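Undergrad: Numbering (the UniProt record's numbering), first residue to last: 1 to 497. Just so it is clear, CB atoms sit at the ideal spot from N, CA and C, and this is done for glycine as well. What you are looking at is a predicted structure, and each value in this text was computed from that prediction instead of being measured.
#1: Could you have a look at residue 6 and say whether DSSP puts it in helix, strand or coil?
#2: CA-CA distance, residue 334 and residue 311?
#3: Looking only at its own chain, which residues have a Cβ that is under 8 Å from the Cβ of residue 480, when we skip the five neighbours before and after it?
#4: Could you have a look at residue 199 and say whether DSSP puts it in helix, strand or coil?
#5: Is residue 280 near residue 329, with beta carbons less than 8 Å apart?
#6: Can you list, in chain order, the residues of its chain with a C-beta nearer than 8 Å to that of residue 161? Leave out the 5 residues immediately preceding and following it.
#7: Which full runs of the alpha helix (DSSP H) of 4+ residues lie inside the region 469-497, going along the chain?
#8: Starting from residue 360 and walking both ways along the beta strand (DSSP E), at which residues does that stretch end?
#9: Nearest-angstrom Cα distance between residue 176 and residue 212?
#10: Can you tell me which of the three DSSP states residue 54 falls into?
#11: Once you ignore the five residues that flank residue 404 on each side, which residues in its own chain have a CB closer than 8 Å to its CB?
#12: Beta-carbon separation of residue 345 and residue 372 under 8 Å?
#13: Using 10 angstroms around the beta-carbon of residue 261, count the other beta-carbons present and answer buried if the total reaches 16, otherwise exposed.
#14: Is it true that the region 95-102 meets the region 64-72, where meeting means three or more beta-carbon pairs spaced less than 8 Å apart?
#15: Tell me the DSSP secondary structure of residue 236 in three-state form.
#16: Pull up the distance between the alpha-carbon of residue 10 and that of residue 166, whole angstroms please.
#17: Is it buried or exposed, residue 41, if we count other Cβ atoms within 10 angstroms and call 16 or more buried?
#18: Following the continuous alpha helix (DSSP H) through residue 405, name the residue where it begins and the one where it ends.
#19: Which residue's Cα is closest to the Cα of residue 170: 238, 434, 132 and 149?
#20: Taking contact to mean 3 or more Cβ pairs, one atom from each stretch, closer than 8 Å, check whether the region 350-358 and the region 315-328 are in contact.
#21: With residue 122 and residue 80 assumed to form a contact (beta carbons below 8 Å), what rounded beta-carbon distance in angstroms separates them?
#22: On the DSSP bridge list, what partners appear for residue 452?
#23: Tell me, which residues are paired with residue 396 by DSSP?
#24: Is it the case that the Cβ atoms of residue 442 and residue 424 are separated by a distance below 8 Å?
#25: Leaving out five residues before and five after residue 247 in sequence, what residues of the same chain have Cβ atoms less than 7 Å from its Cβ?
#26: Suppose you measure from the CA of residue 88 to the CA of residue 111; what does that come to, to the nearest Å?
#27: Taking C-alpha atoms, which residue in 114, 320 and 409 lies nearest to residue 242?
#28: Cα separation between residue 16 and residue 353?
#29: For residue 422 versus residue 453, is the C-beta distance shorter than 8 Å?
#30: Can you grab the Cα-Cα spacing for the pair residue 439 / residue 291, in whole Å?
#31: With DSSP as the reference, identify every bridge partner of residue 337, one or two as the case may be.
#32: To test your reading of the DSSP string, which unbroken beta strand (DSSP E) runs of 3 or more residues are found completely within the region 37-114?
#33: Can you grab the Cα-Cα spacing for the pair residue 163 / residue 456, in whole Å?
#34: Using only CA atoms, which one of 436, 368 and 492 lies nearest to residue 383?
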């Protein structure tokens with residue numbers, strides 16, 4: 001093997017190692033708008049990746065011992081690229097099909113159907129490279145160790161590129177297309193330079209492979225018919241997921257990873273969610289609150305309820321949300337409103353400031369984020385309140401005692417705050433307002449459209465940083481919420497771009 005062919009083989013191993021991690025990271029961005037960012041999404045994709053890479057290692061080792069040729073090696077790279085393009089073309093159809101298996105097993109089915117074959121083929125690359133590079137048994141340890149190191153470094157670079165550069169700049173589909181095109185170019189050039197083998201020396205066959213790839217690339221995206229009642233105005237990938245602005249009927253909604261964050265009336269920009277109106281009413285009854293902390297901006301519809309004399313710190317983790325709120329939801333921050341880009345818990349850990357009122361509106365694509373739902377976090381919130389301070393939570397849950405998701409959250413709150421009151425507009429699955437006060441005598445004046453919900457928390461679980469099964473407990477509610485959103489806005493709200 002010439003030095004150039006050796007280095008080109010190493011380069012191929014490096015790139016395919018990078019592609020493996022790109023698939024794993026970008027795969028979650030395809031699944032997240034449809035299934036949220038639950039542990040089931042991550043576990044499913046990682047399990048499929050590890051399982052089919054292992055199968056690829058095994059089958060690749062058997063095959064290369066029988067037919068150790070460079071033409072087979074670069075042919076596998078080409079097949080991996082082609083099947084990955086097909087996965088992108090079919091992803092919407094596959095996601096809709098997997099939807100019938102629910103939020104728990106749907107991500108696993110989708111991961112297998114979309115990424116199993118490309119990952120299996122990429123897994124075959126390493127044993128092929130080791131066999132092609134090794135001539136003497138005495139060198140097998142050095143050769144295999146070097147090739148595994150190159151593949152792993154490639155994976156490291158792929159992870160860094162995806163998270164720090166590619167996702168913030170490009171769409172998910174464009175990243176996949178660029179990745180597959182790179183694999184095709186590598187495979188065709190590899191066939192051309194791989195020596196005396198007939199297939200690799202036949203330029204016409206290489207041209208044919210490239211034309212096959214272009215034909216597959218030109219296949220239109222298999223789409224799902226758009227819902228007549230909804231229209232997507234804006235869609236962008238953010239650091240924390242897929243962000244959409246959607247008009248559904250007479251409402252304009254901010255949807256992040258398939259979960260509605262804010263809805264307003266299109267004509268007036270008035271809040272379309274009852275919990276916003278209730279929090280606004282509570283604000284009007286507490287004119288003495290001067291220092292206010294808002295955790296989670298969303299579309300900013302709550303901002304109209306604040307007065308000019310109140311000092312408001314707004315913590316929002318996603319920078320793009322700020323621009324979207326200004327562009328689509330009529331949000332215009334006043335001089336007394338300070339916007340800070342940070343995670344809620346990280347901000348509280350680093351500040352000594354105390355507040356009269358904290359409003360926590362941090363629902364993500366599935367639940368309240370796990371690190372913002374534990375006893376340790378609630379203790380941190382409490383430490384930032386004045387003596388008569390109050391925390392108001394937007395909480396989507398069921399009012400009945402059978403909902404362990406709600407009872408666990410309430411039980412954890414009550415382990416920290418002496419007074420916890422739950423209010424809801426109607427029974428059932430709703431956006432509720434949870435009041436948590438350091439004042440034992442706190443008794444809110446509840447609005448006419450809300451009522452106090454009695455919650456017996458003895459069936460709940462104490463949620464801690466060490467043990468927090470909130471995602472599992474939330475599954476029944478999430479199934480209903482997503483079914484309702486699909487009914488009103490269609491599947492388009494759950495696809496990435």
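TA: On the basis of the data shown:
#1: helix
#2: 10 Å
#3: 429
#4: Bear in mind that a pLDDT of 46 at residue 199, under 50, signals an unreliable position, so the number given afterwards is only what the model happens to contain. Looking at residue 199 - three-state DSSP - the assignment turns out to be helix.
#5: no
#6: 18 and 22
#7: 470-489
#8: 355-360
#9: 17 Å
#10: helix
#11: 459, 460, 461 and 473
#12: yes
#13: buried
#14: no
#15: strand
#16: 23 Å
#17: buried
#18: 404-414
#19: 238
#20: no
#21: 5 Å
#22: 423
#23: 431
#24: no
#25: 230, 231, 233 and 266
#26: 12 Å
#27: 320
#28: 49 Å
#29: yes
#30: 17 Å
#31: 312
#32: none
#33: 43 Å
#34: 436
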